[in-house]
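To start, the structure under review is shown below, and the notes come after it.
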Amino acid sequence: MDVTYKFEGKVQLVTGGNSGMGFATAKAFARADAAATVTGLDQEPLDRAVEEIRSAGGKAIGIHCDVADEAQFADMVARAVAEFGRLDAAFNNAGIQVPASDTADQSAEEYDRFSAINQPAVWACMKHGPRQMREQGSGAIVNCPSTGGVVGRAGIAAYHGTKRGVIGLMRSVALEYADRDIRINAVCPGTIDTPMVSNMLDKGMLNMDDLLRDLPMKRLGTGDETARAVLWLCSSGSGFVTGHALLVDGGFTAQ
Ligand SMILES: NC(=O)c1ccc[n+]([C@@H]2O[C@H](COP(=O)([O-])OP(=O)(O)OC[C@H]3O[C@@H](n4cnc5c(N)ncnc54)[C@H](O)[C@@H]3O)[C@@H](O)[C@H]2O)c1
2 MDVTYKFEGK VQLVTGGNSG MGFATAKAFA RADAAATVTG LDQEPLDRAV EEIRSAGGKA
62 IGIHCDVADE AQFADMVARA VAEFGRLDAA FNNAGIQVPA SDTADQSAEE YDRFSAINQP
122 AVWACMKHGP RQMREQGSGA IVNCPSTGGV VGRAGIAAYH GTKRGVIGLM RSVALEYADR
182 DIRINAVCPG TIDTPMVSNM LDKGMLNMDD LLRDLPMKRL GTGDETARAV LWLCSSGSGF
242 VTGHALLVDG GFTAQ
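For what it's worth, the working numbering labels the leading residue of the sequence shown as 2, then goes sequentially.
Rendered as structure tokens:
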């Protein structure tokens, strides 16, 4: 079945929207007629992403933003609202992977650098997104914790720790807004074919043969498959779903 969504007149924001699952989701929203605000850390890939969406007929702006900096995050939401007038959906996607090592061998600096991004960025989005959404009286936010928020994995404990924290934040903020028509959910992707995973394969943090052996579907997921789950969670089709962490992992955690 070819599922299509209509977000005409709606405005969405994707953090880390110039790469991987964020880019796939920004494009999917634009194809569904939403105005897209794409945010990213590096200007050149951000410009390219926005250009690609526009040349396919979509409406998009790019805003440079380090999501770990709350002031930049607040400014980015304000600029998106100034441009398009509202904010209906946000995919809180930006994140980084930690280099693999035993926790015993990880430096405090490395842990701090990493932790300063994955969780504070999610908190900032769940602070500044709903500020606009509660004025409008509606909205949907989807966070991106990963199966790492549900199960453990040796060697990347800090990553999994922050992702578990994202689920805790998401559930509690969802309850704050459950009776105000603002829904807060999460997708938990399994191993998805994105630059983050290519990078881990290149560095030997992951091995494709091992990966495929462990994956029930014997393949990686795609950015589009994550995007479809995000669009569903932002659509009226999921109107009674909030505080939910949706596994998009090809059955990995069912094993
Ligand atoms: N690829 C996977 O298998 C997988 C699985 C589960 C969860 N995730 C999570 O999904 C999200 C997207 O990952 P991806 O695989 O598409 O990776 P990616 O590396 O392709 O994209 C990550 C994006 O986040 C942005 N980013 C990183 N730090 C930032 C910062 N401080 N400010 C603004 N933007 C920043 C990057 O610029 C990039 O656009 C991440 O949160 C990741 O942890 C990935």
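From the three backbone atoms N, C-alpha and C, an ideal C-beta is built for every residue, glycine too. Note that the structure is a prediction, hence the values are computed from the model and not measured.
Judged by beta-carbon spacing, Thr26 lies beyond the 8 Å limit of Met77, meaning their Cβ atoms are not closer than that value. In the DSSP secondary-structure assignment, Val12 is bridged to Ala36. Under the DSSP assignment, Pro190 falls outside any alpha helix (DSSP H), being part of the beta strand (DSSP E) whose first and last residues are Ile183 to Pro190. Under the 8 Å Cβ criterion, the stretch 117–135 counts as touching the stretch 172–183, having at least three qualifying pairs. Rounded to the nearest angstrom, the Cβ distance from Thr195 to Met22 is 6 Å, consistent with a contact under 8 Å. Relative to the Cα of Val12, the nearest Cα in the group Ser56, Leu42, Ile62 and Asp48 belongs to Ile62. With a cut-off of 8 Å on Cβ pairs, the stretch 195–211 is not in contact with the stretch 230–238, counting fewer than three such pairs. In the displayed model, Asn119 falls within a helix according to three-state DSSP. Scanning its chain for C-beta atoms nearer than 8 Å, with the 5 sequence neighbours on each side dropped, one finds around Leu247 the residues Asn186, Ala187, Val188, Cys189, Ala230 and Leu234, in chain order.
Excluding sequence positions up to five before and after Gly130, its CB lies within less than 6 Å of the CB of Ala91 and Ile142, all in the same chain and listed in chain order. CA-CA distance, Val151 to Thr192, rounds to 14 Å. Within its own chain, no residue has a Cβ closer than 6 Å to the Cβ of Ala72 once the five positions on either side in sequence are excluded.
Asp250 sits buried, since 16 or more C-beta atoms from the chains shown fall within 10 Å of its C-beta. As the crow flies, the alpha-carbon of Ala75 is around 24 Å from that of Glu52.
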